[in-house]
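Visitor: The letter at position 2 of the sequence shown is residue 2 when you use full-length UniProt numbering, and the numbering goes up by one with no holes.
Glycine residues also receive a C-beta, built at the ideal position from the N, C-alpha and C atoms.
The structure's right below; bear with me while I get my questions together.
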Amino acid sequence: MAPKVGSVKVVLLDIEGTVCPISFVKDVLFPYAVNVLPATLDKQWDSPEFSHYRNAFPDDCVSDRSAFEAHFRDLVSRDVKISYLKALQGYLWKEGYKSGEIKAPLFKDVPGRLLSWKNAGLRLVIYSSGSVPAQKLFFAHTDALPSDLTPLISGWFDTVNAGLKTESSSYTNILSNFQDTKPDEWLFLSDNPLEVSAAIAAGMQSIPVVRPGNAPLPADMNPQPIRDFNELEDHGSTQ
Numbered sequence: 001m002a003p004k005v006g007s008v009k010v011v012l013l014d015i016e017g018t019v020c021p022i023s024f025v026k027d028v029l030f031p032y033a034v035n036v037l038p039a040t041l042d043k044q045w046d047s048p049e050f051s052h053y054r055n056a057f058p059d060d061c062v063s064d065r066s067a068f069e070a071h072f073r074d075l076v077s078r079d080v081k082i083s084y085l086k087a088l089q090g091y092l093w094k095e096g097y098k099s100g101e102i103k104a105p106l107f108k109d110v111p112g113r114l115l116s117w118k119n120a121g122l123r124l125v126i127y128s129s130g131s132v133p134a135q136k137l138f139f140a141h142t143d144a145l146p147s148d149l150t151p152l153i154s155g156w157f158d159t160v161n162a163g164l165k166t167e168s169s170s171y172t173n174i175l176s177n178f179q180d181t182k183p184d185e186w187l188f189l190s191d192n193p194l195e196v197s198a199a200i201a202a203g204m205q206s207i208p209v210v211r212p213g214n215a216p217l218p219a220d221m222n223p224q225p226i227r228d229f230n231e232l233e234d235h236g237s238t239q
């Protein structure tokens, strides 16, 4: 039975564990950034372009390359969701995406469902702890046909321009950018129950998503989770 949701005008989407496997981030993206960092520091440590990312790190890392690299590796190993790390990761991933070495793997139901939602008049918005530039790289280089899905997306949000994903105020911040919609006309899909609860507290509809490789959700999780976007009925409104 499809989960019951009201009329939806905007679908807000998490990325990791929702539209792509968690393993892609942890087993492909994170190691890639760690592996290319030393060569990047060799070439660009003093460059004006890189200084933007370097100077965002704590003061004791800005002038000490060894401390900078050690701090970066530590944050990655602990999956710390802090903005200056996410910004640098996105910068490091850029060349990998452009060269074709990195391609974002989507769950099979995702490309078709995104297109059908868009064609039905819904707006698609992304909210991820990864930086907005990294989000755009992800959707521009997917394994779908066509590979570039960025034309389907109407908005991009991260922890910098919205806030932490487990705080209801972040979802209120996102809503403030779309004055022509009501909170209950939004549907947020995420694998994280704390994020689902935060979105609901902000007035959105939200449904948890269970994907292969995700951490198990509580047995009494409410709302009931879905395993595939196609389990959702078409509740779009083009009004």
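#1: Look up I174 in the DSSP assignment and say whether it is helix, strand or coil.
#2: DSSP three-state label for A48, please.
#3: To the nearest angstrom, how far is it from the Cα of K182 to the Cα of D46?
#4: Do you know how far the Cα of D191 is from the Cα of L29?
#5: Flag this pair as touching only if the segment 161 to 168 and the segment 198 to 210 have three or more C-beta atom pairs under 8 Å; answer yes or no.
#6: At what residues does the beta strand (DSSP E) containing G155 begin and finish?
#7: What three-state label does DSSP hand L149 in the structure shown?
#8: Output yes or no for whether 8 Å exceeds the beta carbon distance between V125 and G155.
#9: Which residue from P21, V25, V11 and F50 puts its Cα closest to that of A134?
#10: Report the partner residues of Q20 according to the DSSP bridge assignment.
#11: Applying the 10 Å Cβ sphere with the 16-neighbour rule, what's the burial state of Q179?
#12: Per DSSP, what are the beta-bridge partners of T142 in this structure?
#13: Thinking C-alpha only, which one of Y97, G96, L189 and D64 is nearest Y127?
#14: When you compare only the Cα positions, how much space is there between R92 and D27?
Guide: According to the structure shown:
#1: Counting from 1 along the sequence shown, the entry for residue 174 is found at position 174. Three-state DSSP puts I174 in a helix.
#2: Indexing the sequence shown from 1 puts residue 48 at position 48. The question names Ala, yet the displayed sequence has Pro at residue 48. Here P48 sits in helix by DSSP.
#3: Locating residue 182 in the sequence shown gives position 182, counting from the first residue. Locating residue 46 in the sequence shown gives position 46, counting from the first residue. Here the alpha carbon of K182 sits roughly 47 Å from the alpha carbon of D46.
#4: As a first step, residue 29 is located in the sequence shown; it is residue number 29 there, counting from the start. As a first step, residue 191 is located in the sequence shown; it is residue number 191 there, counting from the start. Pairing L29 with D191, the inter-Cα distance amounts to about 19 Å.
#5: yes
#6: In the sequence shown, the residue the question calls residue 155 occupies position 155. Unbroken beta strand (DSSP E) run through G155: I153 to F157.
#7: To locate residue 149, count along the sequence shown from 1; it is residue 149. It is coil, neither helix nor strand.
#8: Taking the sequence shown and counting its residues from 1, one reaches residue 125 at position 125. Taking the sequence shown and counting its residues from 1, one reaches residue 155 at position 155. In contact: V125 and G155 (Cβ atoms closer than 8 Å).
#9: Indexing the sequence shown from 1 puts residue 134 at position 134. Answer by Cα proximity: V25.
#10: Position 20 of the sequence shown holds residue 20. What sits at residue 20 in the sequence shown is Cys, not Gln. For C20, which the question treats as bridged, DSSP gives the partners E16.
#11: Your numbering for residue 179 matches position 179 in the sequence shown. With fewer than 16 other Cβ atoms within 10 Å, it is exposed.
#12: Here the question's residue 142 lines up with position 142 in the sequence shown. Paired residue(s): A104.
#13: Within the sequence shown, numbered from 1, the residue matching residue 127 stands at position 127. Closest option to Y127, Cα to Cα, is L189.
#14: Translated into the one-based positions of the sequence shown, residue 92 becomes position 92. Translated into the one-based positions of the sequence shown, residue 27 becomes position 27. First, the residue type needs correcting, since residue 92 is Leu and not Arg in the sequence shown. Those two C-alpha atoms are separated by around 15 Å.
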